[in-house]
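38 is the number of the first residue of the sequence shown in this note's numbering; add one for each residue after it.
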Amino acid sequence: MRFGGSMILRPFLFSVLCFFTLFPALAPTHADTPVEMIQSYQADASLLSRHWQVAGCSAAEMAREKKLLLDWQKRLAALDFEKLGANDRVDAILLRTSLDSSLNELARKQDERQELVAWLPFRDVIDSLADARVRGDPVVPEKAAAALAPLAARIKKLQEQIKSARDAAKQKTPGPKPAKDETKPKPADTTKAPSADKPPEKSPPAKPAAPTAKVPSAYQASRSADAVRELGSSLKQWFENYHAFMPEFAWWIKQPYEETAKALEDYGKFLREEIAGIKGKDEDPLIGKVIGAGELKRQLGYEFIPYSPEELIALAEREFAWCEGQMKEAAHSMGLGDDWKKALARVKSLHVKPGEQESLVRDEGRKAIDFVKSRRLVTVPPDCEEWWGTRMLSAQEQRSMPYAAYAGHDVIIAFASADMKNDDKLMSMRGNSRPFMHNVVPHELIPGHHLQRFMAARHRPWRDMFSTPFFVEGWALYWEMRLWDLGYHPTPEEKIGALFWRMHRCARIIVTLKFHLGQMKPEEMVKFLTDRVGHEKLGATSEVRRFIQGNYSPLYQCGYMLGGLQFLALHKEMVGTGKMTEQQFHDAVLRLGPIPVELVRASLQGQRLPPGFATQWKFDGGR
């Protein structure tokens, strides 16, 4: 059919062409690019999170999140990968890996939900109320009250049953049974034989045993307490949304809500303090959950690390041995022979007086900035150099964060505070001595985390959702290595300060992987950090508590040293061969965003990765 000569269609086609010329945003669009898909997925995930925020983490929310992830997997699978350039291929692989990892994490959450069901049998009732609000279902106060009214008594009864079971378990630890005394005469048998014409009397039926509850492990109790807190918050949001606006609602709901809220508060405290033993004290138990070799391997794949946990432990032990050798050399320079632990103790004593730590951090920050700028190692934008600050950590915060860290704009500083015990004050000062801070501040500030964050926010910001510790912490640890090689630590004391932290990063790999393989208990982890690395007991305990508590990736602590080794190997490939200068290399890495280092390598080398790309870069190289 020809339209060229139609007098009717010509004006119409001309009008359509003019419309889309004037309003190009409304014209038919081409297929989504990977970047557009990432941005759309981020918007979807953010909206879903906001939509369900009043429901905590209900089963309905997890089901909807799973559907979103599966839908996006289908959408990504429809992308014509062969038409993509090198950078778009990297973004597509990042999105694919993120979706796979998120589905795996969701499955782990669902498994834990099932694991804790015995101690949270009331969860579905509270979830159903919050879910109804999410859907916008009309509230029927009388029905809601009927669902809520039994919960307080049910929670109290469950708490009593757990307490009884715990007390009974404590009593079931009898000593050895006494041996039978065969010399005593046996009592005469007075039992009458049953008459041939009279059946034996039946025993009265046994009363059914009172229902009991299984005692959760410390980890299960801790996670259940967290869930109870979330349920209490969800229920409070639900109640406050209606009670002041629906007269009948308050009449029916106020009393059962208040009773349930109080029962939840008491039950959560009971689980946390009496079962898990968490009371906010230094002597609180160290609680974590072993994830096993299979899950470790799966998560290493998501991070593009082509090694087994056992291979990574061996790699870390080799790096640890190198650090010990360097420690001995520095100890010799201090006139202490091979006794590097004695040298470390002397270095720990070189701390500033109370009140001077913040000034020390700022001085060390300026030294590091001047060093990298004067040698043209990396570009430092003026605003990045100017806009950073410092903040002191409270004694309570230092229970899980005993050393300096970076918090978006500030270097947050650990040091002795007035409300610490005297021994803790001394340990905090020793753990944050002047030589230690000479190494720590560049890691946290510039050229480390502050510069890294500044650049990531301005280059490929859509990649922030793929942030990995193997880039984020690996970049900062890499700079510790580069500064060492460039002579940033001229004195033996400063060398020991830097080596202490490098040994610590090796130890993090060893203790966390061995913990998750079931080969090391928390107390053994603390002992390793104190005996082998030289940590203070307070710092070692705080570190282990953070490592195993399960609030972030179990591989996070491995990211420092392993990511640093990846960047070091990549530096050798790109700068060591003359393909890039130091400044070109570092600037290019920062502009790629906080993605797995193997994908940074692919981008710098212009690799056209296949759609099913899996990790394969053996970055160790026998260094």
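Cβ atoms here follow ideal geometry from the backbone N, Cα and C, with glycine treated the same way.
Does the distance from the C-beta atom of residue 634 to that of residue 508 stay below 8 Å?
-> Reading the sequence shown from its first residue, position 597 is the one you call residue 634. Reading the sequence shown from its first residue, position 471 is the one you call residue 508. The answer is yes: Cβ separation under 8 Å.
So residue 533 packs on residue 380, CB below 8 Å; how close in whole Å?
-> In the sequence shown, counting from the first residue as 1, residue 533 sits at position 496. In the sequence shown, counting from the first residue as 1, residue 380 sits at position 343. With a Cβ gap of about 6 Å, residue 533 and residue 380 count as contacting.
Does DSSP put residue 70 in a helix, a strand or coil?
-> On the sequence shown, residue 70 is found 33 positions in, with the first residue counted as 1. Shown here, residue 70 sits in coil according to DSSP, grouped into three states, outside any helix or strand.
Ordered along the chain, which non-local residues of its own chain (more than five positions away) have a Cβ less than 6 Å from that of residue 648?
-> Within the sequence shown, numbered from 1, the residue matching residue 648 stands at position 611. Hits under 6 Å: 118.
Kindly indicate the opening and closing residues of the alpha helix (DSSP H) around residue 350.
-> The residue you call residue 350 lines up with position 313 of the sequence shown. Annotation: the continuous alpha helix (DSSP H) that includes residue 350 extends over 346-370.
Locate the alpha helix (DSSP H) running through residue 682, then write down its first and last residues.
-> In the structure displayed, the chain extends from 38 to 660; residue 682 sits before or after that span and is not available.
Among 645, 465 and 272, which residue has its Cα nearest to the Cα of residue 120?
-> As a working mapping, residue 120 is identified with position 83 in the sequence shown. Minimum Cα distance to residue 120 is reached at 645.
Touch test, the stretch 509-522 against the stretch 349-362, Cβ-Cβ under 8 Å, three pairs minimum | Too few Cβ pairs lie closer than 8 Å, so no.
Unbroken beta strand (DSSP E) run spanning residue 448, endpoints | Working through the sequence shown from its first residue, we reach residue 448 at position 411. Run containing residue 448: 447-450, per the beta strand (DSSP E) assignment.
With DSSP as the reference, label residue 593 as helix, strand or coil.
-> Within the sequence shown, residue 593 is the residue found at index 556, counting from 1. Collapsing the DSSP output to three states places residue 593 in a helix.
Whether residue 599 touches residue 546 by CB criterion (8 Å) | Residue numbering aside, residue 599 sits at position 562 when the sequence shown is read from its first letter. Residue numbering aside, residue 546 sits at position 509 when the sequence shown is read from its first letter. Yes, the Cβ-Cβ distance between residue 599 and residue 546 is below 8 Å.
Contacting residues, own chain, Cβ-Cβ under 7 Å from residue 655 (five flanking each side not counted) | As a working mapping, residue 655 is identified with position 618 in the sequence shown. 343.
Roughly how many angstroms separate the alpha carbons of residue 617 and residue 482, rounded to a whole number?
-> Taking the sequence shown and counting its residues from 1, the one referred to as residue 617 is at position 580. Taking the sequence shown and counting its residues from 1, the one referred to as residue 482 is at position 445. Going from the Cα of residue 617 to the Cα of residue 482 covers about 24 Å.
Taking DSSP as the reference, what is the three-state secondary structure of residue 432?
-> Numbered from its first residue, the sequence shown carries residue 432 at position 395. In the structure shown, residue 432 falls within a coil segment according to DSSP collapsed to helix, strand and coil.
Same chain only: Cβ atoms within 7 Å of residue 442, ignoring 5 sequence neighbours per side | Counting from one through the sequence shown, the residue named residue 442 turns up at place 405. Leaving aside the five residues that flank residue 442 on each side, the residues in its chain whose CB is nearer than 7 Å to its CB run, in chain order, 449 and 481.
For residue 297, three-class secondary structure by DSSP = As a first step, residue 297 must be located in the sequence shown, where it is residue number 260. Three-state result, residue 297: helix.
Which value, in whole angstroms, describes the spacing of the CA atoms of residue 650 and residue 139?
-> As a working mapping, residue 650 is identified with position 613 in the sequence shown. As a working mapping, residue 139 is identified with position 102 in the sequence shown. A direct Cα-to-Cα measurement between residue 650 and residue 139 gives close to 18 Å.
For residue 567, the three-state DSSP class (helix, strand or coil) = Counting from 1 along the sequence shown, the entry for residue 567 is found at position 530. Residue state, collapsed to three classes: helix.
To which residues does DSSP link residue 427 through a beta bridge?
-> Sequence index remark: in the sequence shown, residue 427 carries index 390 (1-based). In the DSSP assignment, residue 427 is bridged to 448.
Have a look at 544, 619 and 583 and flag the residue whose alpha-carbon is nearest the alpha-carbon of residue 570.
-> Working through the sequence shown from its first residue, we reach residue 570 at position 533. Cα-wise, what sits closest to residue 570 is 544.
Find out if the Cβ-Cβ distance for the pair residue 387, residue 474 is shorter than 8 Å.
-> To locate residue 387, count along the sequence shown from 1; it is residue 350. To locate residue 474, count along the sequence shown from 1; it is residue 437. Going by C-beta atoms, residue 387 is not nearer than 8 Å to residue 474.
Kindly indicate which three-state DSSP category residue 442 falls into: helix, strand or coil?
-> If you number the sequence shown from 1, residue 442 lands on position 405. Residue 442: strand per DSSP, three-state reduction.
How many Å lie between residue 299 and residue 332 at the Cα?
-> Taking the first residue of the sequence shown as 1, we reach residue 299 at position 262. Taking the first residue of the sequence shown as 1, we reach residue 332 at position 295. In a straight line, the C-alpha of residue 299 is about 38 Å away from that of residue 332.
Compute the Euclidean distance between the alpha carbons of residue 177 and residue 186, then round it to the nearest angstrom.
-> Stepping through the sequence shown from its first residue, residue 177 is reached at position 140. Stepping through the sequence shown from its first residue, residue 186 is reached at position 149. Rounded to whole angstroms, residue 177 to residue 186 spans 14 Å at the Cα level.
Local conformation of residue 303 per DSSP, three classes = One-based indexing of the sequence shown puts residue 303 at position 266. Correct three-state label for residue 303: helix.
Report buried or exposed for residue 107, applying the criterion of at least 16 other Cβ atoms within 10 angstroms of its Cβ.
-> Residue 107 sits at position 70 when you count from the first residue of the sequence shown. Here residue 107 is exposed: its Cβ has fewer than 16 other Cβ atoms, across all protein chains shown, within 10 Å.
Thinking C-beta only, is residue 102 closer than 8 Å to residue 85?
-> Numbered from its first residue, the sequence shown carries residue 85 at position 48. Numbered from its first residue, the sequence shown carries residue 102 at position 65. Yes, Cβ-Cβ distance for residue 85 and residue 102 is below 8 Å.
Backbone secondary structure at residue 617 - three-state DSSP = Here residue 617 refers to the residue found at position 580 of the sequence shown. The answer is coil: DSSP assigns residue 617 none of H, G, I, E or B.
With a 10 Å radius around its C-beta and 16 neighbouring C-beta atoms as the bar for buried, classify residue 246 as buried or exposed.
-> Start at 1 with the first residue of the sequence shown, and residue 246 comes out as number 209. Caution applies to residue 246, whose pLDDT of 42 falls short of 50 and renders its modelled position unreliable; the value that the coordinates give is listed next. It counts as exposed.
Would you check if there are 3 or more beta carbon pairs closer than 8 Å linking the stretch 371-385 to the stretch 623-642?
-> Short answer: they don't touch.
Mind reading off the beta-carbon distance from residue 513 to residue 485? Whole number of angstroms is fine, and I expect it under 8 Å.
-> What you label residue 513 is simply residue 476 of the sequence shown in a count that begins at 1. What you label residue 485 is simply residue 448 of the sequence shown in a count that begins at 1. Taking 8 Å as the upper bound for CB-CB distance, residue 513 and residue 485 are in contact here, some 4 Å apart.
Should residue 275 go down as buried or exposed, given a rule of 16 or more other Cβ atoms within 10 Å for buried?
-> Along the sequence shown, one-based indexing puts residue 275 at 238. So residue 275 counts as buried.
Let me know the alpha helix (DSSP H) ranges lying completely inside the stretch 310-345, each 4 residues or longer, listed in chain order.
-> As for any alpha helix (DSSP H) of minimum length 4 sitting wholly inside the stretch 310-345, the runs are 329-339, ordered along the chain.
Distance, residue 587 Cα to residue 562 Cα = Stepping through the sequence shown from its first residue, residue 562 is reached at position 525. Stepping through the sequence shown from its first residue, residue 587 is reached at position 550. Cα to Cα, residue 562 sits roughly 16 Å from residue 587.
For residue 79, the nearest candidate out of 420, 501, 385 and 424 (CA to CA) | If you number the sequence shown from 1, residue 79 lands on position 42. Taking only the C-alpha atoms, the option nearest residue 79 is 501.
What is the DSSP secondary structure of residue 622, reduced to helix, strand or coil?
-> Here residue 622 is taken as the residue at index 585 of the sequence shown, counted from 1. In the structure shown, residue 622 adopts helical secondary structure according to DSSP, grouped into three states.
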